[in-house]
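Trainee: Just so you know, the protein sequences line up as chains A and B, in that order.
Going by our numbering, the first sequence opens with residue 1, and the numbers climb by one from there.
Going by our numbering, the second sequence opens with residue 1, and the numbers climb by one from there.
Take a look at this one; I'll ask things after.
There are 2 protein chains.
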Amino acid sequence: MKRGPLTTPDSRSETTVAAIGERALIERIRRRLPSAPSSLIVGIGDDAAVDEGERGMSSVLSVDALVEGVHFDRRFSTLADVGYKALAVNVSDLAAMGSAPRLALLSLLLPPQLPVSDVDHLLDGLLTMAAESGVTLAGGNISKSPGPLVIDVTVTGTVKARRVLTRADGKPGDQLYVSGSIGAAVAGLGWLREHGATGCETPDDTALAECVLRHRRPAPRARLGRLLGRTGTGSACMDLSDGLADAVQQVAAASGTGARIEANAIPIHPGASKWFSEHGADPLPASLSGGDDYELLFAVAHRRRGGMRLVQRQARGLALTRIGELTADRAIRLERDGVQLPMPEGFTHF
Amino acid sequence: MKRGPLTTPDSRSETTVAAIGERALIERIRRRLPSAPSSLIVGIGDDAAVDEGERGMSSVLSVDALVEGVHFDRRFSTLADVGYKALAVNVSDLAAMGSAPRLALLSLLLPPQLPVSDVDHLLDGLLTMAAESGVTLAGGNISKSPGPLVIDVTVTGTVKARRVLTRADGKPGDQLYVSGSIGAAVAGLGWLREHGATGCETPDDTALAECVLRHRRPAPRARLGRLLGRTGTGSACMDLSDGLADAVQQVAAASGTGARIEANAIPIHPGASKWFSEHGADPLPASLSGGDDYELLFAVAHRRRGGMRLVQRQARGLALTRIGELTADRAIRLERDGVQLPMPEGFTHF
């Protein structure tokens with residue numbers, strides 16, 4: 001036997017992935033990449049990748065996994081909910097790029113003792129979301145898992161190259177808007193944790209029931225994303241999968257701006273306000289830092305305010321709330337009546 | 001609290017996924033799908049999905065995961081090997097469709113205590129394969145894993161719609177060819193298991209060392225796949241990820257044919273022959289059923305034999321061996337000098 005030329009583990013660096021966190025890991029990977037071809041309009045670090053094709057049409061690609069014990073708990077969600085959500089979170093990533101989803105690939109890691117009926121339920125939910133979003137399940141992969149159940153979904157779509165919404169194209173003075181309301185999913189999960197509900201129970205209170213539903217079956221803003229892109233109204237856009245606080249910081253950092261957010265303007269879901277208040281917590285920071293909201297944060301330039309009125313009219317009852325603006329100086333400010341508040345951290349995976 | 005309308009687990013059916021197996025699961029999912037748009041040229045059940053785009057160019061999409069404890073063992077492969085292989089197996093799927101890979105998405109599930117240097121090594125290998133195959137890493141996702149390390153890779157490419165190689169277009173009388181040699185990867189894994197090697201040891205015997213390398217770093221036949229597609233030489237094609245026995249059965253079943261394979265013609269890797277013989281096993285069935293060979297099985301119609309000579313000349317030293325033919329009757333026959341032998345099963349994941 002001889003020693004091969006392969007590298008051995010580097011004993012000098014035993015920093016763990018948990019210690020440096022998801023964002024630093026992504027940045028570390030990005031720094032390692034060779035220069036990409038010019039056709040790659042958007043690479044690592046946005047909601048999805050964008051690759052320019054022929055006739056100005058681009059492909060948009062996103063992948064996102066739901067892992068049992070990390071992203072879902074079978075005491076709180078049925079597998080139909082999990083299948084629905086596994087596709088919904090990817091549809092949300094494409095919406096944030098202004099793209100219509102088209103095809104999905106389903107990569108399943110299944111514990112060998114999982115009942116086949118569980119796979120059926122998972123597929124029920126996934127195909128419900130597919131029908132709602134016009135997505136075709138085109139292929140995938142099934143492997144054995146010695147650990148948790150994992151549902152990893154890739155979604156592809158198209159968008160006109162000059163209509164792509166990235167995180168990076170915001171400018172100082174652009175107004176910041178958020179769709180719908182925030183904090184619902186994290187409040188719904190809080191209710192489920194407190195009540196130990198078993199996948200099919202919901203609160204009697206309607207606002208809280210909405211929160212639980214938002215945790216189990218998020219509503220990606222596919223139509224809004226396309227509208228913002230197609231009309232050229234959005235300058236920058238991102239979904240709130242890791243919370244509004246995170247999204248504001250990410251859009252500002254990618255755009256090379258700061259941001260000023262007016263706390264009183266933030267649309268906190270009534271169920272979340274109620275839930276956090278009843279538990280002695282301030283609903284504002286809890287809702288700002290809570291992940292799993294699949295609303296869109298987007299920036300609108302002053303000259304696009306006409307387009308914004310059009311988008312408002314076509315939003316079909318979805319609230320679009322102005323919450324602040326991008327600023328020339330790089331600070332991230334959360335203010336209430338001119339008094340500065342601390343901006344909470346976003347949700348991180350490690 | 002009230003009961004919601006969500007479905008409850010079906011207590012009548014507790015058949016597990018291990019009991020019905022991967023292929024039946026895929027078939028079960030396929031039966032559940034609504035009819036696909038006509039632009040989906042190839043859906044679930046082939047090496048990759050194919051979606052027709054503009055100007056006769058189609059998108060090809062594949063996803064495949066490597067799971068620690070299922071697909072790799074860190075005693076036997078470095079993480080650089082694992083990263084290399086995670087992309088290679090997807091490049092192989094695209095090769096089997098006649099497509100050139102273009103973009104990859106990397107979905108990582110990382111145990112929180114994994115050293116960051118391990119992620120670096122994984123990326124070393126993945127980027128080596130990316131450079132070798134002309135693939136750009138365009139995006140991905142990082143999640144926490146409460147269980148094994150998982151590397152799930154999606155690859156996309158393009159192919160002219162009329163040049164797509166599927167499993168289903170073989171005809172009776174088409175000659176069957178296999179590239180390279182078979183059995184190497186399973187023999188290499190056998191050696192590693194016997195010697196308990198720790199990721200960087202290789203056998204002194206050159207043929208066996210090739211087998212170990214084939215297990216750690218498979219060589220996808222990207223150039224051959226494109227050549228078979230572009231010249232119109234291949235009628236049906238599939239990679240040998242689950243072994244040659246499996247591939248023959250899959251191509252015949254998808255094409256609605258049978259197959260006759262001449263055992264003496266099968267190119268068993270010399271290291272595999274040696275390894276199995278030394279361990280008292282018949283190299284033929286062991287090599288036929290061993291997975292993880294990333295060679296191509298392809299069918300060639302009689303009228304394409306001129307094209308096949310061209311492909312042979314351009315194969316740059318890669319052996320292309322005729323091993324049998326597709327037949328009108330649906331039986332799968334393995335023969336040695338006219339005597340029928342039992343055809344072994346392919347590798348299955350459950």
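Beta carbons: idealized from backbone N, C-alpha and C, even for Gly.
(1) Tell me which residues share the same chain as B/Gln-314 and place their Cβ nearer than 8 Å to its Cβ, disregarding the 5 neighbours each side in the sequence.
(2) Exposed or buried, A/Ala-259, counting other C-beta atoms within 10 Å across all chains shown (16 or more means buried)?
(3) I'd like the ranges of any alpha helix (DSSP H) spanning at least 4 consecutive residues and lying wholly in the region 206-256 of chain A.
(4) Taking the alpha-carbon positions, what's the B/Val-42 to A/Pro-270 distance?
(5) Answer yes or no: does any C-beta atom of chain B fall closer than 8 Å to that of A/Ile-109?
(6) Could you check where the alpha helix (DSSP H) with B/Lys-274 kicks off and where it finishes?
(7) Assign B/Ser-241 to buried or exposed, taking buried as 16 or more other Cβ atoms, counted over all protein chains shown, within 10 Å of its Cβ.
(8) For the region 169-193 of chain A, which residues have a CB atom closer than 9 Å to at least one CB atom of chain B, in sequence order?
(9) Quick check: the region 79-92 of chain B against the region 148-157 of chain B, are at least 3 beta-carbon pairs closer than 8 Å?
(10) Determine the contact status of A/Leu-244 and A/Asp-293, defining contact as a CB-CB distance below 8 Å.
(11) Report the partner residues of A/Pro-115 according to the DSSP bridge assignment.
(12) Please return the same chain residues whose Cβ sits closer than 8 Å to the Cβ of B/Arg-162, not counting the five positions on each side in sequence.
(13) So for B/Glu-335, helix, strand or coil by DSSP?
(14) Name the DSSP bridge partner or partners of B/Leu-106?
(15) Considering only residues of the same chain and omitting the five flanking positions on each side of A/Met-343, which have a CB-CB separation below 8 Å?
(16) List the residues of chain B whose Cβ lies closer than 7 Å to the Cβ of A/Asp-64, in chain order.
(17) Specify, as a first and last residue, the run of the beta strand (DSSP E) that B/Ser-179 falls within.
(18) Taking contact to mean at least 3 C-beta pairs separated by less than 8 Å, is the region 299-308 of chain B in contact with the region 166-186 of chain B?
(19) Report all residues from its chain with a CB closer than 6 Å to the CB of B/Ala-254; omit the five preceding and five following residues, and keep chain order.
(20) Would you verify that the beta carbon of A/Asp-242 is, or is not, closer than 8 Å to some beta carbon of chain B?
(21) Using only the heavy atoms of the ligand NAD, determine whether one of them is closer than 7 Å to the beta carbon of B/Val-63.
(22) For A/Ala-19 and A/His-71, I'd like the C-alpha separation in whole angstroms.
(23) So who's on the other strand from B/Val-63, going by DSSP bridges?
(24) Apart from the five residues just before and just after B/Val-17, which ones in its own chain have a Cβ nearer than 8 Å to its Cβ?
(25) Can you tell me which residues form a DSSP beta bridge with A/Ser-58?
(26) DSSP on B/Glu-201, reduced to helix/strand/coil?
(27) Whole angstroms is fine: what's the gap from A/Ser-133's alpha carbon to A/Ser-62's?
(28) With a threshold of 16 other CB atoms inside 10 Å of the CB of A/Gly-290, please say whether the residue is buried or exposed.
(29) Are the region 134-152 of chain B and the region 231-240 of chain B in contact at 8 Å, needing three or more beta carbon pairs?
(30) Taking the alpha helix (DSSP H) that A/Glu-194 falls in, what are its first and last residues?
(31) Rounded C-beta distance between B/Pro-267 and B/Thr-321? I'm assuming under 8 Å.
(32) Could you check the C-alpha separation between B/Asp-124 and B/Leu-137 for me, to the nearest Å?
(33) State the Cα-Cα distance for the pair B/Leu-66 and B/Asp-204, rounded to the nearest angstrom.
(34) Starting from the Cα of B/Leu-109, find the closest Cα among A/Gly-147, A/Arg-223, A/Asp-337 and A/Phe-76 and give me that residue.
(35) Do the CB positions of A/Val-50 and A/Val-135 come within less than 8 Å of each other?
Mentor: To lay it out plainly:
(1) For the purposes of this step, residue 314 of chain B is taken as the residue at position 314 of the second sequence. These residues qualify, in order along the chain: Leu-227.
(2) The residue you call residue 259 of chain A lines up with position 259 of the first sequence. Buried: at least 16 other Cβ atoms inside 10 Å.
(3) 206-216, 222-230 and 244-255
(4) Translated into positions along the second sequence, residue 42 of chain B becomes position 42. Translated into positions along the first sequence, residue 270 of chain A becomes position 270. Taking the straight line from one Cα to the other gives about 47 Å.
(5) The residue you call residue 109 of chain A lines up with position 109 of the first sequence. Sequence inspection shows Leu at residue 109 of chain A; the Ile mentioned does not correspond to that position. So, interface residue.
(6) Here the question's residue 274 of chain B lines up with position 274 in the second sequence. Taken as a continuous stretch (DSSP letters only), the alpha helix (DSSP H) holding B/Lys-274 covers 270-278.
(7) Looking up residue 241 of chain B in the second sequence gives position 241. Buried.
(8) none
(9) yes
(10) Here residue 244 of chain A refers to the residue found at position 244 when the first sequence is read from its first residue. Here residue 293 of chain A refers to the residue found at position 293 when the first sequence is read from its first residue. Contact flag set, yes.
(11) Your numbering for residue 115 of chain A matches position 115 in the first sequence. Paired residue(s): B/Thr-16.
(12) As a position in the second sequence, residue 162 of chain B is number 162, starting the count at 1. Answer for B/Arg-162: Gly-56, listed in chain order.
(13) Reading the second sequence from its first residue, position 335 is the one you call residue 335 of chain B. The answer is strand: DSSP assigns B/Glu-335 an E or B state.
(14) Residue 106 of chain B sits at position 106 when you count from the first residue of the second sequence. Bridge partners of B/Leu-106: B/Gly-140 and B/Val-153.
(15) Start at 1 with the first residue of the first sequence, and residue 343 of chain A comes out as number 343. Counting only Cβ-Cβ distances below 8 Å, and skipping sequence neighbours, we find Ala-245, Val-248, Gln-249, Ile-261, Leu-288, Ile-332, Arg-333 and Leu-334.
(16) If you number the first sequence from 1, residue 64 of chain A lands on position 64. In chain order: Asn-141.
(17) If you number the second sequence from 1, residue 179 of chain B lands on position 179. From DSSP, the beta strand (DSSP E) with B/Ser-179 extends over 175-179.
(18) yes
(19) Position 254 of the second sequence holds residue 254 of chain B. Answer for B/Ala-254: Arg-167 and Ala-168, listed in chain order.
(20) As a working note, residue 242 of chain A is residue 242 in the first sequence. No - not a single Cβ of chain B is within 8 Å of the one on A/Asp-242.
(21) Ligands are entirely absent from the displayed structure, and the ligand NAD is therefore not among its contents.
(22) On the first sequence, residue 19 of chain A is found 19 positions in, with the first residue counted as 1. On the first sequence, residue 71 of chain A is found 71 positions in, with the first residue counted as 1. Distance between the alpha carbons of A/Ala-19 and A/His-71 is about 20 Å.
(23) Counted from its first residue, the second sequence places residue 63 of chain B at position 63. DSSP output for B/Val-63 lists B/Thr-154 as bridge partner(s).
(24) Your numbering for residue 17 of chain B matches position 17 in the second sequence. Leu-25 and Phe-350, listed in sequence order.
(25) Sequence index remark: in the first sequence, residue 58 of chain A carries index 58 (1-based). Note: A/Ser-58 sits in a beta bridge opposite A/Glu-52 and A/Val-159.
(26) Start at 1 with the first residue of the second sequence, and residue 201 of chain B comes out as number 201. Strand at B/Glu-201.
(27) Position 133 of the first sequence, counted from the first residue, corresponds to residue 133 of chain A. Position 62 of the first sequence, counted from the first residue, corresponds to residue 62 of chain A. Rounded to whole angstroms, A/Ser-133 to A/Ser-62 spans 15 Å at the Cα level.
(28) Taking the first residue of the first sequence as 1, we reach residue 290 of chain A at position 290. It is buried - the Cβ of A/Gly-290 has at least 16 other Cβ atoms within 10 Å.
(29) Cβ pair count under 8 Å is below three, so no.
(30) Looking up residue 194 of chain A in the first sequence gives position 194. Here the alpha helix (DSSP H) through A/Glu-194 covers 184-195.
(31) For the purposes of this step, residue 267 of chain B is taken as residue 267 along the second sequence, with counting starting at 1. For the purposes of this step, residue 321 of chain B is taken as residue 321 along the second sequence, with counting starting at 1. Taking a contact as a CB-CB distance under 8 Å, the pair B/Pro-267 and B/Thr-321 counts as one, their CB atoms being some 5 Å apart.
(32) Here the question's residue 124 of chain B lines up with position 124 in the second sequence. Here the question's residue 137 of chain B lines up with position 137 in the second sequence. B/Asp-124 and B/Leu-137 have their C-alpha atoms roughly 12 Å apart.
(33) As a working note, residue 66 of chain B is residue 66 in the second sequence. As a working note, residue 204 of chain B is residue 204 in the second sequence. Answer to the nearest angstrom: the Cα atoms are 28 Å apart.
(34) Mapped onto the second sequence, residue 109 of chain B falls at position 109. Of the listed residues, the one whose Cα sits closest to B/Leu-109 is A/Gly-147.
(35) Position 50 of the first sequence, counting from 1, holds the residue named residue 50 of chain A. Position 135 of the first sequence, counting from 1, holds the residue named residue 135 of chain A. Judged by their CB atoms, A/Val-50 and A/Val-135 are not nearer to each other than the 8 Å cut-off.
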